[in-house]
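Input: a single structure, listed below in structure tokens.
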Amino acid sequence: MRVREAILAHVEAIRGSKGNALPPLTDDLALLDSGLDSLSIAVLVTRLEDALGIDPFTDSALTSPPVTLGEFIGVYERVAQPH
Amino acid sequence: MNASLSRIKSAWSTPEYLASRDRQLWSREAGIRICDLAAATSLGGRASELAGRSVLLVAHDQLAAALALIELDGVAGRIVVCPPDVGNKHLGSIIETAAVNAVVSDGHSPDVSGAGHIPHVICNTSLVPIEAEPQGEATTEWILLSSGTSSGMPKLVVHTLASLIAPVRSSPDPGPLVVWGTFYDIRRYGGLQIFLRAILGKGSMVLSSAEESVADHLTRLREHAVTHLSGTPSHWRRLLMSSGAGVIAPRYIRLSGEIADQPILDTLQATYPESVVGHAFASTEAGVAFEVNDGVAGFPAHFLGQRGSVEMKVVDQSLRIRSDRTALRYLGDQNGEIADRDGFVDTGDIVEHRGNRYHFLGRRNGVVNIGGMKVHPEEIEAIINSHPRVAVSVVKPRRNPILGAVVSAEVVLKPEQSDAPSASGKIEEEILNLCRQALPPHKVPATLHLVPALDIADAGKIVRHNA
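Chains as they are written, first to last, in the numbering used here: chain A, 1076 to 1158; chain B, 16 to 482.
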């Protein structure tokens, strides 16, 4: 759960600096509908690299980019805990 | 005789053009039939008042700006094409440098009072038929705003219609019934290229809108059956993160404005298997240098040294370009020359020869390209250093899978005895808030770290390059 919590905390921190009414963070929420634009997502990925020590997008994850928040978290969880 | 847009458009009602009477320019709110522009005005019939003048074009609405450009080319002496995010902070300098003596806006204009009492014409998207419209024969200067200097002040780059539309060797024939779309604003070089291709190449065009979500933009692109779609690699990555990417089926996908790496080219080809995926090199100063349509990153080494309409060479690792498409000059005397004595423009883009291709490595001078927008780290450092506790800072690019790069800041604080370790989080937030107030969002550091000291190179300069 550490990865999920870290991601949600960083998403909220980035959304919080915008101050609009925002939808609750659920797994099926589309990332681009969550109050994050592509610049915010870029910032999120950078901060997560510092916080978690991983950037799962550097290699090939872009071949099927995550659309929902749940998919985004899944990409990180797979890299953080390889089977 | 000069071919100006105001002259060319008078032919759009002739039988040859009426055969394609469905050609349109679409914004989010409106659609304009291109043939209707032949004998109509979007400026209330006041274009002739602007003859020979230096016109500042500041419109919120891209379509209104597009119609004004068509009507004023050949009539105005100069059109300063302001992108939507030009700040009030720099508008006064722009007005002064470009000797602006008329304003065209759609009523949402920023403060132009610095220009004094000058004609102010309203542009809009409702056309009024007009009997005798001025068909200008003047060579109008198009002033485009380039990404500027370390002070944040944009450079004013002089083009003409001729330099904007000179043919490029490797440009593919777009084929019939072309509907162009772009994620760019048409007030930027990359978007303007697509706009001019659409209106001069017998196509239609779907204009973007800054207020629109990716999903809504995609819906409009599908409704108008877009065939040719252009944007930066960052625009395309954003599109791929949208659930609606599959609703469009463009024949031609074009990337420009940033390094197009192999993963984004491959991903787009996999997502749109029927499309030609091409990438172009262009900059506001150097113009369009080439388009590559083989789906491979970089460009063929044999492009260098060829004679013809575009000549390219590499000196000191950076790409130099000489062509009919390069800008004429900068306005203002602080910006130096655009081209060297032989007419070559130094793009500042560093290339490396690998195998039979050249690949782009990044920018000289530490300029960072964030999603197609060039950023000078010094501008950001100046804001950070304005915090009273900051001793020195360095802003560096950091590779980013979404936007190509973001900026990160390292900050050294002045020693202060009462500084408890727990206070550092607050200072970081204070510095970031300073940046948020003073800078557009893409220039606010993605991360900010307090460090005990900065690396200093032998020459005494702060080390900017990331390992």
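Yeah, the Cβ is synthetic: ideal placement off N, Cα and C, and Gly gets one too.
Since this is a predicted model, take the numbers as computed values, not measurements.
- prompt: If you count every other CB in all the chains shown that lies within 10 Å of the CB of Asn481 of chain B, and 16 or more means buried, which is it?
  reply: Unreliable positioning characterises Asn481 of chain B in this predicted model, as indicated by a pLDDT of 45, which lies under 50. A coordinate reading is not provided.
- prompt: In chain order, what residues of the same chain lie with their CB nearer than 7 angstroms to the CB of Ile398 of chain B, ignoring the 5 residues before and after it?
  reply: By the criterion of a C-beta distance shorter than 7 angstroms, Ile398 of chain B is surrounded in its chain by Leu449, Cys450, Ala453 and Leu454, once the five residues flanking it on both sides are discounted.
- request: Per DSSP, which residues does Tyr267 of chain B bridge with? Please list them.
  value: DSSP links Tyr267 of chain B through a beta bridge to B:His243 and B:Val291.
task: Please go through the stretch 74-102 of chain B and give each complete alpha helix (DSSP H) segment of 4 or more residues, from N-terminal end onward.
output: Counting only runs of 4 or more, we get 77-87.
Length of the line joining the Cα atoms of Ala468 of chain B and Ser401 of chain B: Roughly 18 angstroms separates the two Cα atoms.
- request: Kindly indicate if chain A contains any beta-carbon less than 8 angstroms away from that of His391 of chain B.
  value: Taking Cβ atoms only, chain A never reaches closer than 8 angstroms to His391 of chain B, which makes this a no.
Neighbourhood of Leu283 of chain B by C-beta distance below 7 angstroms, restricted to the same chain and skipping five residues each side: So the list reads Trp251, Ile268 and Val292, once near-sequence residues are dropped.
task: Taking 8 angstroms as the threshold, find out whether the stretch 361-372 of chain B comes into contact with the stretch 326-344 of chain B through three or more Cβ pairs.
output: As far as the Cβ criterion goes, the stretch 361-372 of chain B touches the stretch 326-344 of chain B, which means the pair count is three or higher.
- prompt: Should Gly1091 of chain A be counted as a contact of the ligand FMN given a C-beta to heavy atom distance under 7 angstroms?
  reply: Of the ligands one can find in the structure shown there are none, so the ligand FMN has no counterpart to examine.
message: I'd like to know whether the C-beta atoms of Val405 of chain B and Val426 of chain B end up nearer to each other than 8 angstroms.
response: In terms of Cβ geometry, Val405 of chain B and Val426 of chain B form a close pair [threshold 8 angstroms].
- prompt: List, in order along the chain, the chain B residues whose C-beta lies closer than 7 angstroms to that of Asp1103 of chain A?
  reply: Think of a sphere of 7 angstroms around the beta carbon of Asp1103 of chain A: no beta carbon from chain B falls inside it, the nearest being about 11 angstroms out.
message: Is it the case that the stretch 1110-1118 of chain A contacts the stretch 252-263 of chain B, given that we only count it when at least three CB pairs across the two stretches are under 8 angstroms?
response: Flag = yes, the stretch 252-263 of chain B and the stretch 1110-1118 of chain A touch.
query: How about the stretch 98-115 of chain B and the stretch 43-62 of chain B: do they share at least three Cβ pairs that are nearer than 8 angstroms?
result: Cβ pair count under 8 angstroms is below three, so no.
Phe198 of chain B, DSSP secondary structure in three states: Three-state DSSP puts Phe198 of chain B in coil, outside helix and strand.
query: From the beta carbon of Met256 of chain B, is the nearest beta carbon of chain A less than 8 angstroms away?
result: Closer than 8 angstroms to some Cβ of chain A, the Cβ of Met256 of chain B qualifies, so yes.
- prompt: Would DSSP call Leu58 of chain B helix, strand or coil?
  reply: Of the three classes helix, strand and coil, the one that applies to Leu58 of chain B here is coil, per DSSP.
field: Range of the contiguous beta strand (DSSP E) that encloses Glu367 of chain B
entry: Where Glu367 of chain B is concerned, the enclosing beta strand (DSSP E) stretches over Val360 to Arg369.
message: Looking at His123 of chain B: is its Cβ nearer than 8 angstroms to the Cβ of His75 of chain B?
response: Yes, they are a contact pair.
message: Strictly under 8 angstroms for the Cβ-Cβ distance: is Ser21 of chain B near chain A by that measure?
response: By this cut-off, Ser21 of chain B is not an interface position.
message: In the DSSP output, what is Tyr345 of chain B paired with across the bridge?
response: When DSSP reads this structure, Tyr345 of chain B sits in a beta bridge with B:Val172.
- prompt: DSSP state of Gln321 of chain B, grouped into three classes?
  reply: If DSSP states are grouped into helix, strand and coil, Gln321 of chain B belongs with coil.
- request: Count the other CB atoms, across all protein chains shown, that sit within 10 Å of the CB of Ala114 of chain B; report buried if there are 16 or more and exposed otherwise.
  value: Burial check for Ala114 of chain B: the Cβ neighbour count within 10 Å stays below 16, so the residue is exposed.
task: Select from the stretch 1110-1126 of chain A all residues with a C-beta closer than 7 angstroms to any C-beta belonging to chain B, and list them in chain order.
output: So the list reads Ser1113, Leu1114, Ile1116, Ala1117, Val1118, Val1120, Thr1121, Arg1122 and Asp1125, given in the order they occur along the chain.
- prompt: In or out: Gly261 of chain B buried (at least 16 other Cβ within 10 Å) or exposed?
  reply: Counting of Cβ neighbours within 10 angstroms places Gly261 of chain B among the exposed residues, the total staying below 16.
task: Using a Cβ cut-off of 8 angstroms (strictly closer), state whether Asn384 of chain B contacts chain A.
output: For Asn384 of chain B, the answer is no, since every Cβ of chain A falls outside 8 angstroms of its Cβ.
task: Could you tell me the distance, in whole angstroms, from the CA atom of Ser245 of chain B to the CA atom of Lys429 of chain B?
output: Cα to Cα, Ser245 of chain B sits roughly 47 angstroms from Lys429 of chain B.
query: Whose C-alpha, out of B:Pro412, B:Phe296 and B:Gly320, is nearest the C-alpha of Ala312 of chain B?
result: Among B:Pro412, B:Phe296 and B:Gly320, the Cα nearest to that of Ala312 of chain B belongs to B:Phe296.
query: Pro265 of chain B to Gly386 of chain B, Cα distance in whole Å?
result: Using only the alpha carbons, I get a separation of about 22 angstroms.
- request: Compare the beta carbon distance of Leu280 of chain B and Gly310 of chain B with 8 angstroms and say whether it is the shorter of the two.
  value: Yes, the Cβ-Cβ distance between Leu280 of chain B and Gly310 of chain B is below 8 angstroms.
field: beta strand (DSSP E) runs contained entirely in the stretch 381-428 of chain B, provided each spans 3 or more residues
entry: List check, beta strand (DSSP E) in window: 383-385, 388-390, 405-415 and 419-428.
query: Buried or exposed: Ala81 of chain B, going by 16 or more other Cβ atoms within 10 Å of its Cβ?
result: Of the other Cβ atoms in all chains shown, 16 or more fall within 10 Å of the Cβ of Ala81 of chain B; this residue is therefore buried.
field: Whole-number beta carbon distance between Arg337 of chain B and Gly358 of chain B, since they are thought to touch under 8 angstroms
entry: With 8 angstroms as the limit, Gly358 of chain B and Arg337 of chain B qualify as a contact, their Cβ atoms being about 5 angstroms apart.
query: Which residues in the same chain have their Cβ closer than 6 angstroms to the Cβ of Ser162 of chain B, if we skip the five residues on either side of it in sequence?
result: Closer than 6 angstroms at the Cβ level, and outside the excluded window around Ser162 of chain B, lie Lys389.
- request: Quick one: using the 10 Å Cβ neighbour count with 16 as the cut-off for buried, is Gly206 of chain B buried or exposed?
  value: Counting every other CB atom within 10 Å of its CB across the protein chains shown gives Gly206 of chain B a total of 16 or more, marking it as buried.
task: Taking only beta-carbon positions, decide if Pro1141 of chain A is within less than 8 angstroms of chain B.
output: Chain B, which has a Cβ nearer than 8 angstroms to the Cβ of Pro1141 of chain A, makes this yes.
task: List the DSSP bridge partners of Tyr204 of chain B.
output: In DSSP, Tyr204 of chain B forms no bridge with anything.
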